[in-house]
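Data block below; observations after.
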Amino acid sequence: MGQTVTKPRIAKNPTIKFASIILGILIVSVSCLMLSKSAKELVSTFQLNQQLKSERSNLKVLETRQGELALEKAKLQDPTYVQNYARGKHLLSKSEEQVFILPKTE
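In our numbering, the protein residues as written are 259 to 364.
What follows is the structure in C-alpha cells.
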C-alpha cells in the first residue's frame, strides 16, 4: 500500500539542454531590449507633454497679443483717432496751429 509512483526521469540530450539555455538567454535579452525601448518611449512621452504645455501657454500669449494688435489696427483705421494720437504723442499740429506743452499736474 505504501508504494509511490515516480515519473521516470528522462535524460536530456546535451544539444537540447544547450538549445534551451540559448533560448532562455535570447528571451531574457529580448525582454530587456523591449523594457529599455519602453522606458525610452515613456521619457519621450513625458518630454513631449512638457513641450506641449509650454507651447500651449505660448499660444495663449500670442493670441492675446494678436487681439491687442487687431484692436490697435482698428483704432488706427479711424482718422479721428490717428489725428488725436499724432497730436498727443508726437506733438504734430495742423497748419496755422500752435502747440503748447502744459506742465503736468501732480
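All C-beta atoms in this analysis are idealised placements derived from N, C-alpha and C, irrespective of residue type, glycine included. Note that the structure is a prediction, hence the values are computed from the model and not measured.
| Query | Result |
| --- | --- |
| For Val-357, the three-state DSSP class (helix, strand or coil) | coil |
| Inter-residue CB distance, Tyr-339 and Lys-333 (contact presumed, cutoff 8 Å) | 5 Å |
| Asn-271 versus Ser-296: straight-line alpha-carbon distance, rounded | 37 Å |
| Distance between Glu-326 and Gln-335 (C-alpha atoms, nearest Å) | 14 Å |
| Euclidean distance between Cα positions of Val-357 and Leu-329 | 29 Å |
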